[in-house]
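Chains as they are written, first to last, in the UniProt record's numbering: chain F, 1 to 203; chain C, 1 to 167.
Idealized CB from N, CA, C, for every residue including glycine.
Values in this document were obtained by computation on a predicted structure and should not be read as measured data.
Data first, discussion second: the structure below is written as structure tokens.
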Amino acid sequence: MNFDDIKDAWNNDQENENIKIPAKLDQLKSAQLPVERLRKGMKSEFWVQCLVLVIVGFTPKFFYLQPQMILPFYALYSCSLVVSIYYFFKLYVFYKRIGSLSLTSKDNLYELYYEARLSIEVYKSFTYMLVPFFMVMAVLLFASVKVDGLYQRFLDNETLMLMAAFSFANVIALIILMTEIWIKYGYGKYIKQIKAVLDEFKE
Amino acid sequence: MNSTENEFLALIESNKGIIRKVSRTYMDTRDDQADLEQEIIYQLWKSYDSFQHQSSFSTWMYRVALNTALVFYKKEKKKLTVDREIPTDIISEENTSAVKDLQLSHFYKAIQKLERIEKALVLLHLENYSHKEIGENLGISEGNARIKLSRAKEKLKTLIKQQGYEF
């Protein structure tokens, strides 16, 4: 056998006709491309984050908030909404743009790879950007707790203040760690798959 | 169904062999091949607006199909993978069709072991694309396409020989 034999057999193979073309295209769904999985994940996260923002907006209804804290709370909430809308828009642009498969294979893979990485960086900065807003909102809620002198006692106690600062730092570290782990296992594997194919182009 | 959809389906029908060849080159089981075929059709339909009639439909179709196959990953199914034996006892030299089938069986079995880009190179070569055209499709230089194709063919030759078939 040689390559001409294979070519001949390849072009005259009846098995090439053994394929089912769907009658209706709207029934087709994509499932197994890394980019489609990224899209699917981003879509689900979008709805979860919308839900979180709505819940945060109603927090003063569930917990008591001192009247003088309501304005700062909603000022912060508005800022977090503006930030969220900006990032949602950025991620939506990515969501719509990626996936043009008409380019050359190498260009297509590079585009996918860098767009996916960029979107993940956008996602990370979005998450980290919201942390300070939610932290300050939590402080406002805590400062409104109706226990006589609790807030003052807290401010007077250096140990408690240190513990609070330490807890804050821990919560931030935990959020960063969880975000990194979530990205690594949720999205990182798809980027790795694209990178692996790209590496095959190297000399 | 609108006219664009009809036109697209007619083009796919007359070029469906391309999809089948790509799926058989990239996936080894019929289930996975069927999944890839559906994915390719979906991606072709999604990208159909970008087909600008500057090249033939089959050339454009090859590009989209290959780009899909390059990043397609099979479903993680729990199943036993059986290394299928290729029957040789019923084949005689006179039976040309059976010989061709046997050669193709060896070819498809061996090509599964190549890298994804190597598969694309071999596939385009079998479709009579020149080194220049292969390079243009994959986004590499003509020289690079020649070198990589030559290596891929050598690798394929070794693999077929290891399967016990004369090459």
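Min CB distance residue i to chain F below 8 Å
| i | result |
| --- | --- |
| K21/C | yes |
| N137/C | yes |
| T68/C | yes |
| Q162/C | no |
| L9/C | yes |
| V140/C | Residue identity check: residue 140/C is Ile in the sequence provided, not Val. Yes, its Cβ sits closer than 8 Å to a Cβ of chain F. |
| L80/C | For L80/C, the predicted model reports a pLDDT of 48, less than 50, meaning its position is unreliable; a value from the coordinates is still stated below. L80/C does not count as touching chain F. |
| A98/C | no |
| R151/C | no |
| Y62/C | no |
| S14/C | no |
| E37/C | yes |
Cβ shell of residue i (< 8 Å), same chain only, five flanking positions each side left out
| i | result |
| --- | --- |
| residue 231/F | Here chain F covers residues 1 to 203 and nothing more, so residue 231/F does not appear. |
| Y129/C | N137 |
| Q163/C | I86, H106, K109, A110 |
| N15/C | F57, S58, M61 |
Contact set for residue i: own chain, Cβ-Cβ below 7 Å, skip 5 residues either direction
| i | result |
| --- | --- |
| L80/C | Interpretation of L80/C is limited by its pLDDT of 48, a score under 50 that renders its predicted location unreliable; no figure is taken from the coordinates. |
| M42/F | L91, Y95 |
| F73/F | P60, L65, M137, L140 |
| V82/C | Confidence at V82/C is low in this model, with a pLDDT of 49, below 50, so its placement is unreliable and no value can be given for it. |
| R116/C | L70 |
Below-8 Å beta-carbon distance, residue i vs any chain C residue
| i | result |
| --- | --- |
| W182/F | no |
| residue 263/F | The structure shown does not extend to residue 263/F, since chain F is modelled only from 1 through 203, so no value can be given for it. |
| L177/F | no |
| S105/F | yes |
| F101/F | Per the sequence shown, residue 101/F should be read as Leu rather than Phe. Judged by the 8 Å Cβ criterion, L101/F is in contact with chain C. |
| F201/F | yes |
| W47/F | no |
| I21/F | yes |
| D13/F | yes |
| N157/F | no |
| A116/F | no |
Cβ neighbours of residue i in the same chain (closer than 6 Å, five flanking residues each side left out)
| i | result |
| --- | --- |
| N6/C | none |
| H131/C | E142, A145, R146 |
| D35/C | none |
For the segment 50-126 of chain F, which segments carrying the alpha helix (DSSP H) assignment without a break, of at least 4 residues, lie completely within its bounds, in sequence order? 59-62, 67-97
Any contact of the segment 117-127 of chain C with the segment 21-28 of chain C, i.e. 3+ C-beta pairs under 8 Å? yes
At least 3 beta-carbon pairs within less than 8 Å: the segment 134-141 of chain C vs the segment 102-114 of chain F: yes
Okay, do the segment 12-32 of chain F and the segment 29-39 of chain C touch, 3+ Cβ pairs below 8 Å being the bar? yes
Report yes or no: do three or more beta-carbon pairs, one from the segment 148-166 of chain C and one from the segment 101-111 of chain C, lie closer than 8 Å? yes
Is the segment 114-132 of chain F close to the segment 172-188 of chain F, with three or more CB pairs under 8 Å? yes
Entirely within the segment 109-134 of chain C and at least 4 residues each: give me those alpha helix (DSSP H) ranges in chain order. 116-126
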